[in-house]
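Data block below; observations after.
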Amino acid sequence: MTDITEDQVASDEPSVIGDLLGSLLDDVVGIVENPTTYTALRGLPTGFRDLDLVTGGLTPGSLTVIASRPQMGRTTLLTDICRNTAIKHNMPTAIYSLEESGELFLMRVLAAEARVARNHVLYGTMTDDDWARVARRVPDISAAPLHVKTPTRLTMATLESEARELVNEHGVALLAVDGIQGIRPAKRSDLREREVGDVVRDLKTLARELNIPIVATSHLNRNPEQRYDRLPKLDDLRESGAITFAADTILLLHREDAYELDTPRAGEADFYIAKHRQGPTCVITTAFQGHYGRFREMAQA
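Counting from 9, one number per residue, gives the positions in the sequence shown under our numbering.
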């Protein structure tokens, strides 16, 4: 076997892995020199600083799943993330809402942005102060690059086709789907678990193909309610263990006041980062402002 000298190695063209390593090291140096750019370098901000510090934001090609029992706030958190990217940061965002109409979704956005009680908007009991708050926020909401789709039925093939169009024609940087279990797979099966698994794997593939983050919501089964502490676990993901394997990040939501109104932790919520492909798992505590339909960082509540 012929020996390779140091001069020969130095004169070779950079390998593909060498290029990737060089790019990675440049990023690392940039992070060290300016830590405030960490989130911007890694992904889109979620609007929750502590969450972004752990995950680096919503990175291109990643699939994030938000899961909970009913009434915990998974749709609310998904809406918060979309509001942050589209309204606050003016990044084109698309959301597929499979669990409510477009009017109800926009009502959710309006209440959270204007800090007006959702029931005031829903039942037409808004005060003069409510109207003033709404008037101040309507221009920014109207101008935001937020694409809202509320199909009564959605197949994976349709989602893939429309997502590509949204990215190519509108520059969508974030795709959100409220209701993994509501998407029909490309191939039907007698096993519901297999169908959901196919959908999740296709979502992950779509994220990588389009090079954008996808955030989706999922149900949990009843197991948490049978535990003494009612805390959710990864094994509680409803109908498909494939979510655990395909998702890059899984957030499990829990609120004690959803079960006990007089708990000392009323108005607080925990984000359990139960899976994080690129880093640690942990629990992040936030404020839950249910009357406005939004989560907030504790320091901002």
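Glycine is no exception: its CB is placed at the ideal position from the N, C-alpha and C atoms.
- A151: member of the alpha helix (DSSP H) spanning 136-151, first to last residue.
- H178 and D210 have their C-alpha atoms spaced approximately 22 Å apart.
- Judged by DSSP secondary structure, R82 falls within the alpha helix (DSSP H) whose first and last residues are 82-91.
- Along the region 247-277, the beta strand (DSSP E) occurs as fully enclosed runs of 3 or more residues at 257-262, listed in sequence order.
- Cβ-Cβ separation between L66 and G51: approximately 5 Å, consistent with a contact (criterion under 8 Å).
- Relative to the Cα of L167, the nearest Cα in the group L242, K212, R285 belongs to K212.
- Apart from the 5 residues on each side of it in sequence, S105 sits with its Cβ closer than 6 Å to the Cβ of F113, T158, D186 in its chain, given in chain order.
- Annotation: the continuous beta strand (DSSP E) that includes V185 extends over 182-186.
- A distance below 6 Å between beta-carbons, with the five flanking residues on each side excluded, links A255 to the following residues of its chain, in chain order: L71, V73.
- Comparing alpha carbon positions, the residue from D88, P221, P68 closest to T294 is D88.
- Going by beta carbons, L242 and P232 fall outside the 8 Å limit.
- With a 10 Å radius around the Cβ and a threshold of 16 neighbouring Cβ atoms, C90 comes out buried.
- Shown here, R172 sits in a helix according to DSSP, grouped into three states.
- Beyond the five residues adjoining it in sequence on each side, Y267 comes within less than 7 Å, by CB distance, of R238 in the same chain, given in chain order.
- Check the Cα spacing between V156 and each of R141, A184, K195: the tightest is with A184.
- Secondary structure of I95 (DSSP, three-state): helix.
- Pairing E121 with I149 gives a Cβ-Cβ distance under 8 Å.
- Of the other Cβ atoms in all chains shown, fewer than 16 fall within 10 Å of the Cβ of G30; this residue is therefore exposed.
- Our two residues, I191 and N127, have alpha carbons roughly 29 Å apart in a direct line.
- Taking the CA atoms as reference points, R57 sits about 21 Å from S76.
- Following the DSSP letters along the chain, one finds Y131 inside the alpha helix (DSSP H) bounded by residues 126-131.
- Judged by DSSP in its simplified three-state form, A165 adopts helix.
- Beta-bridge annotation (DSSP): F303 is paired with F296.
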